[in-house]
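Remember, our numbering sits 15 above the position in the sequence shown when you count from 1.
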Amino acid sequence: MDFLTEWGLFGLFISSFLSATVIPFSSEFVLSFMILNGFDIYLTILIATIGNWLGGLSSYLIGRLGKWTIIEKYFGVDKNKVFNFKLKVDRWGSVLAFFSWLPIIGDVIAVSLGFFRTNFILVSIWMLLGKILRYIIWGSMTYWSLSILN
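#1: Taking the straight line between their C-alpha atoms, what separation do you get for F131 and I152?
#2: Between which residues of its own chain and I65 is the CB-CB distance below 8 Å, once the five residues before and five after are set aside?
#3: What are the uninterrupted segments assigned as alpha helix (DSSP H) that are 4 or more residues long and contained completely in the stretch 40 to 97, given in chain order?
#4: For D105, count neighbouring Cβ atoms within 10 angstroms of its own Cβ and tell me buried if that reaches 16, exposed if not.
#5: Does the contact criterion of 3 or more C-beta pairs under 8 Å hold for the stretch 61 to 81 versus the stretch 134 to 150?
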């Protein structure tokens, strides 16, 4: 993961994008490392948010394709988990995208919303709100911890 931090903001973008897909990855570590090493907190939060948001939207689009043989084989998302979300999607709709930042279950949320063809614009907005809140909180905690240590 050192190479991602050496790549600077581009590395942060890549790590944030990957962590929002079905590939297990932690962008929080890279974000914290960059803030602790003097990168601008606002810019790092913005880059992490955009990368994570686009990664989440890619999971949505994978679900929208609806090819279960490909989704299960290459992305590891279980068809039964997605169908178990059907009642939640029917009840909450695009609002569920707000929680797509959650580890493990976030991928299932994004893929499910795509598979059940939930409104793309609303999913995009809710997903962006959830992800920016996540990084504002994480970045602020890192920055606050840094100020206590200094």
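The beta carbon of each residue, even a glycine, is placed where N, CA and C say it ideally should be.
The answer reads as follows:
#1: 30 Å
#2: F28, S31
#3: 42 to 51, 56 to 80, 83 to 90
#4: exposed
#5: yes
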